[in-house]
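Residue numbering for the sequence shown follows UniProt numbering, beginning at 1 and increasing consecutively. Note that beta-carbon positions come from the ideal geometry of N, C-alpha and C, so glycine has one too. Only one structure is covered here, and it is reproduced in the block below.
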Amino acid sequence: MSRIHGTNTKPELEVRRRLHSMGFRFRLHCSKLPGKPDIVLPKHKKAIFVHGCFWHGHQGCKRSKPPSSNVQFWTAKIAKTVERDRNNRKALVELGWQALTIWSCEIKNTEFLEKRLREFLDDPASEEK
């Protein structure tokens, strides 16, 4: 697992490219915010997390299926990650921020991705659906 990169992943880079082409400017990996969001738009008080389906337990996604070996370990590990994500999101909301989670399986459909980003960033009262 030491070879797993936590920042600047391909899905994250794709979301950043899309945001930039839409005219948004942002900060990266803000350690001052809970959960260290991947993309932060301070002007809008909005944070975007780009999560891998497997590592963050994306419900209903075929990529989030745990390996057939060492199932107990992986189930516990992913459950802790999901709980941590939930707590980080709650802490962000308590600070007055809005958060969006983009899953790696959503990246390939660029129209859907752009629509989702546009809805989140253009609507001042938006929250993740």
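Nearest-angstrom Cα separation, counted from residue j out to residue i
| i | j | result |
| --- | --- | --- |
| S21 | K45 | 20 Å |
| T81 | T110 | 27 Å |
| P34 | K90 | 9 Å |
| R17 | G23 | 10 Å |
| S64 | V50 | 15 Å |
| I48 | E83 | 17 Å |
| L95 | Q59 | 27 Å |
| T9 | I107 | 12 Å |
| I102 | L117 | 9 Å |
| K62 | A76 | 18 Å |
| G57 | V15 | 20 Å |
As assigned by DSSP and simplified to three states, the class of residue i
| i | result |
| --- | --- |
| K90 | helix |
| R27 | strand |
| K62 | helix |
Under 8 Å between C-beta atoms of residue i and residue j
| i | j | result |
| --- | --- | --- |
| C105 | C53 | yes |
| F26 | L41 | yes |
| W55 | P66 | no |
| F120 | L100 | yes |
Alpha helix (DSSP H) segment containing residue i, residue limits
| i | result |
| --- | --- |
| L113 | 110-122 |
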